[in-house]
Each structure stands twice: as structure tokens, then as C-alpha cells.
Amino acid sequence: MTRKARDLAVLFATLMLFWLLLGGGFAADSLLVGALAALLIALLFHDGLSFFTELRPTPRALAAGVFYYGYFFRELLRSNLRMAAIVLSPALPISPGIVRVRTRLKSRMGRLMLANSITLTPGTLTVEIDGEWLYVHCVTLEPGDTEAATAAIATGFERYLEVMYG
Amino acid sequence: MVEGLLYLTAALGATAFLLALGRFIRGPSAADRVAAFDVLTIISITGIVLAALAEGRGIYLDVALVYALLSFLGVITVAHYLERSV
Amino acid sequence: MTALLDLLGAALLAAGSAFLMFGALGLLRMPDIYNRLQAGTKATTLGTLLVLAGAACLRPEWWPKLLLIGLFLLFTNPLSSQVLARAAHRTGAPRSPLTRIDQLEERGGGGS
């Protein structure tokens, strides 16, 4: 199967899944309408991205996906507790800055997921993506060695995303 | 107990809405207002979910979904417009 | 069992709205647009997810639609913040004087 056909099939499957979650049900007419709409959208936006675009269809990638979401939700909770502590303290202890971080990820979806993950994790927000460079805003930037500290922003997620998307 | 927690939820949600509204009014830049608008929308979405629970009507969830979709498109459009107008 | 699930759901709702409140407070207190987005986007994402989870505990039959809203927000919420932050930076939004470093500005304008 060519790459384009695979992307199309993946997008179609994602849209069908969304249709079913929306409450389409499994009646024949509802399935038919959903399939037609999904096919039309998939054909119109065949270069669109979905959760599963470029996802490697190997068991290892799926396992990495499970670990990724576990890690992600833990980080999301941690980031919120930290942000709440900053916001609630009267002194508002911040020392922000925008730094650049290099990513090893090659795929579009991998980079998008990385940027999203960085935005939702402790004290960091992706401002711009330029090829392999991500520009990240940090709420509390430690003084001193920025290179090593900023590399750590990406590696936690890259570990999993590399296996999932490449 | 459950009832008390639900009232607490509503009170916290309303406070959140007022705080975000404060940023929306103060601005000062358009980007600040859009950021505040985004937060206001999301608070409204949870408000709609709470309304669905209170009324026991699942159809409200579709409203929340469409609202989320429109808010996302709105923010993207305004951001695009801001970049173009440099 | 149902009573326990109801209690869990109500607790999740309260926790979620507490995070929403923190996020809105951060939005109001932070000194510049980037820090405001930081506070806003994280807290509202977790807050909404907790509220949706709470709703799913109280009304288990609604799970498909709640999951759909959750997935959608999880994906679009950080994206809209990023796009807004990029637009703010490109239009030269003022930074807080506390800002230590801006490597994006050092790179120079334009870019992809």
C-alpha cells in the first residue's frame, strides 16, 4: 500500500471512530451516512493529520503509546500543582525566558505531539517550531547552564514519541 | 456530601469565570483578550457539562462539543489575523 | 457502589473547577502574555478533563461523548495557546521585565 493510500485509510478510520463516539450507532443507514461523510472528508483533506497518522503499526509502538499517556498525565498533574503554587503565592516567583530546544523527531505528527506535550508540562510553552528547533517559553528558568537544562525539556517525551512516530 | 461538592464546583467555576473576565476587560493587547476569551470558553464548556448533569439532558453535550470546535477555530483565525497585520 | 461512584464524580468535579479557578487566577496575575497563556492553558486542560471524568462517573452512559470532548480539548487546547503565543511574539508583544533570555528574538524575525 502506498503512503498516500495508507494516510487516507488512517484518516477515514479516525473519522469513523469519531462518528461512532458521536452516537451514530450501528444501524445500517447511520453507518452508511457516516462512511460517506468520512470518505468525502478524507478525500478532501487527504494530507490532514490524525492521531494515528505516521504511527508505526508495531506492538512496541503501541506499548510506547500507553507509557506515553501514563507519563503525560503524571506530568500534566505535576505541572498544574506547580503552576497553582506559583499563582497562589503572593510574591509570584517567576523568572521567565524563551529558549531553543532541538528535537530528534523527524515525523510531522511526532513533532506536533512533542510541541503539545511541552505546552502542557511543567512551566513550558512552545512558541514556535522551526524545523528541528523548538522555541520554548519557560516560567522559571534556572540561571546558569541553559543548554543542558533545556535539553531535558524534550527528552522525557521524545523517548516514547520516537518509538511511536519516529 | 455529594450535594455540597456540587455547590462548591459551581462556586469555583463562577469565580474562575469572573477572574478570566477581569483579564478580558483589562486586556491590554488583543492577544491578551483572545487568551482570556479562550479560557472563558473552556470554563463555559465545563459550565455546559454541569448544566447537562443538573438537567439530566445528554443533548447539551453536543452543544459543548460544537462550542469547543468553534472556539478553537475562532482563536486560530484571530491569531492568523494578528500575524498578518504586523 | 453507585453512591461511591457519585461521591468520586462530585469530588472530581470540584477538583476540576478548582484547577479552572487557579488557571483564571494565573491569567489575571501573570505579568505578560506568555506567562498568562502558560497559566491558562495547563490549568484549563486538566480542569476540564477532571470535570469530564467527574461527569462520566455521575452519568456513565454519557462516556462516548465526554471522551470525544476530552480528546478534542486535549488536542486543540495546547495548539491554540501555541498559535496565540507565536502570533504574540511575531507582533512583538511586550515581555515582562523579569524575562531572562529570548533566544527566539536572537534568531531574528520571520522563519517558517
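Residue numbers (the working numbering), protein chains in the order written: chain A, 6 to 171; chain B, 752 to 837; chain C, 631 to 742. Even glycine gets a Cβ: it sits at the ideal position worked out from N, Cα and C.
List, in order along the chain, the chain B residues whose C-beta lies closer than 9 Å to that of L734(C)? Numbered from 1 along the third sequence, position 104 holds the residue referred to as residue 734(C). Those do not exist, as L734(C) stays about 14 Å from chain B at its closest Cβ, beyond 9 Å.
Run through chain E and tell me which residues come within less than 8 Å of R774(B), C-beta to C-beta. The question asks about chain E, but that chain is absent: this structure's protein chains are A, B and C.
R666(C) and V132(A) look like a contact to me (Cβ under 8 Å); what is the Cβ gap, rounded to whole Å? As a position in the third sequence, residue 666(C) is number 36, starting the count at 1. As a position in the first sequence, residue 132(A) is number 127, starting the count at 1. The distance from the Cβ of R666(C) to that of V132(A) is about 13 Å, inconsistent with a contact at the 8 Å cut-off.
Classification of V144(A) by the beta-carbon crowding that lies within 10 angstroms, buried from 16 upward: By one-based count along the first sequence, residue 144(A) stands at place 139. Taking all protein chains shown into account, V144(A) has 16 or more neighbouring C-beta atoms within 10 Å of its C-beta and is therefore buried.
Would you mind stating whether Q668(C) and G128(A) have Cβ atoms separated by less than 8 Å? Here residue 668(C) is taken as the residue at index 38 of the third sequence, counted from 1. Here residue 128(A) is taken as the residue at index 123 of the first sequence, counted from 1. A Cβ-Cβ contact shorter than 8 Å links Q668(C) with G128(A).
Residue from W692(C), T675(C), A683(C) whose Cα sits closest to the Cα of L81(A): Locating residue 81(A) in the first sequence gives position 76, where the first residue counts as 1. The residue with the shortest Cα to Cα distance from L81(A) is T675(C).
Determine whether the beta carbon atoms of G656(C) and V92(A) lie at a separation below 8 Å. Residue numbering aside, residue 656(C) sits at position 26 when the third sequence is read from its first letter. Residue numbering aside, residue 92(A) sits at position 87 when the first sequence is read from its first letter. In this structure, V92(A) lies closer than 8 Å to G656(C) by Cβ.
Within its chain, find whatever has a CB closer than 6 Å to the CB of T643(C); leave out the 5 residues flanking it on each side and keep chain order. The count along the third sequence starts at 1 and reaches residue 643(C) at position 13. The identity of residue 643(C) in the sequence shown is Leu, whereas the question assumes Thr. Answer for L643(C): V681, G684, listed in chain order.
Reduced DSSP secondary structure (H/G/I, E/B, other) of S710(C): Indexing the third sequence from 1 puts residue 710(C) at position 80. For S710(C), the three-state secondary structure derived from DSSP is helix.
Taking the straight line between their C-alpha atoms, what separation do you get for G740(C) and D636(C)? In the third sequence, counting from the first residue as 1, residue 740(C) sits at position 110. In the third sequence, counting from the first residue as 1, residue 636(C) sits at position 6. Caution is warranted here: a pLDDT of 46 is assigned to G740(C), below 50, making its placement in the model unreliable, and no coordinate value can be reported.
Chain C partners of P64(A), CB-CB under 9 Å? Taking the first sequence and counting its residues from 1, one reaches residue 64(A) at position 59. Residues of chain C whose Cβ lies closer than 9 Å to the Cβ of P64(A) do not exist, since the nearest Cβ in that chain is about 23 Å away.
Between the stretch 27-40 of chain A and the stretch 134-142 of chain A, can you find at least three pairs of beta-carbon atoms closer than 8 Å? No, because fewer than three Cβ pairs between the stretch 134-142 of chain A and the stretch 27-40 of chain A fall closer than 8 Å, the two stretches do not touch.
How big is the Cα-Cα spacing for A781(B) and L801(B)? As a first step, residue 781(B) must be located in the second sequence, where it is residue number 30. As a first step, residue 801(B) must be located in the second sequence, where it is residue number 50. CA-to-CA, the gap between A781(B) and L801(B) works out to about 30 Å.
Could you compute how far the alpha carbon of T828(B) sits from the alpha carbon of M752(B)? For this step, residue 828(B) is matched to residue 77 along the second sequence. For this step, residue 752(B) is matched to residue 1 along the second sequence. The alpha-carbon atoms of T828(B) and M752(B) are separated by roughly 44 Å.
Take the Cβ of G639(C) as the centre, count every other Cβ of all protein chains shown within 10 Å, and call the residue buried at 16 or more, exposed below. As a working note, residue 639(C) is residue 9 in the third sequence. By the neighbour-count rule (16 or more Cβ atoms within 10 Å), G639(C) is buried.
If we call anything under 8 Å between Cβ atoms a contact, is M647(C) one with D789(B)? Against the third sequence, residue 647(C) aligns to sequence position 17. Against the second sequence, residue 789(B) aligns to sequence position 38. Note that residue 647(C) is Ser in the sequence shown here, rather than Met. No. Outside cutoff.
Can you give me the Cβ contacts of D783(B) inside the same chain, cut-off strictly under 7 Å, excluding the 5 residues immediately before and after it? Along the second sequence, read from residue 1 onward, the residue named residue 783(B) stands at position 32. Residues R774 of the same chain have their beta carbon placed closer than 7 Å to that of D783(B), with the five preceding and five following residues left out of the count.
Tell me which residue opens and which closes the beta strand (DSSP E) that D135(A) is part of. Along the first sequence, one-based indexing puts residue 135(A) at 130. According to the DSSP assignment, D135(A) belongs to the beta strand (DSSP E) that extends over 129-135.
Return the chain-ordered list of same chain residues with a C-beta closer than 7 Å to the C-beta of I699(C), the five sequence neighbours on each side being excluded. Locating residue 699(C) in the third sequence gives position 69, counting from the first residue. Same-chain partners within the cutoff: L682.
May I ask you to report which of helix, strand or coil DSSP gives A157(A)? Your numbering for residue 157(A) matches position 152 in the first sequence. If DSSP states are grouped into helix, strand and coil, A157(A) belongs with the helices.
Starting from V104(A), follow its DSSP beta bridges and name the residues at the other end. Your numbering for residue 104(A) matches position 99 in the first sequence. For V104(A), the beta-bridge partners assigned by DSSP are V141(A).
Grab me the residues of T797(B)'s own chain with a C-beta within less than 7 Å of its C-beta, minus the 5 sequence neighbours each way, in chain order. Looking up residue 797(B) in the second sequence gives position 46. Here the set comprises G764.
Identify each residue in the stretch 780-794 of chain B for which the Cβ-Cβ distance to at least one residue of chain C is less than 8 Å, and report them in chain order. Taken in chain order, the members of the stretch 780-794 of chain B whose beta-carbon sits within less than 8 Å of a beta-carbon on chain C are S780, A782, D783, V785, A786, A787, D789, V790, I793, I794.
Once DSSP output is grouped into helix, strand and coil, what is the label at G677(C)? Sequence index remark: in the third sequence, residue 677(C) carries index 47 (1-based). The three-state reading of DSSP puts G677(C) in helix, counting H, G and I together.
By DSSP, does D789(B) sit in helix, in strand, or in coil? Translated into positions along the second sequence, residue 789(B) becomes position 38. Here D789(B) sits in helix by DSSP.
Short check: CB of L791(B) to CB of A771(B), under 8 Å? In the second sequence, the residue the question calls residue 791(B) occupies position 40. In the second sequence, the residue the question calls residue 771(B) occupies position 20. Cβ atoms of L791(B) and A771(B): closer than 8 Å.
T160(A) versus A805(B): straight-line alpha-carbon distance, rounded: Walking along the first sequence from the start, residue 160(A) turns up at place 155. Walking along the second sequence from the start, residue 805(B) turns up at place 54. Note on geometry: alpha-carbon atoms of T160(A) and A805(B) lie some 44 Å from one another.
Using a Cβ-Cβ distance under 8 Å, would V814(B) count as near chain C? Counting from 1 along the second sequence, the entry for residue 814(B) is found at position 63. The beta carbon of V814(B) sits no closer than 8 Å to any beta carbon of chain C.
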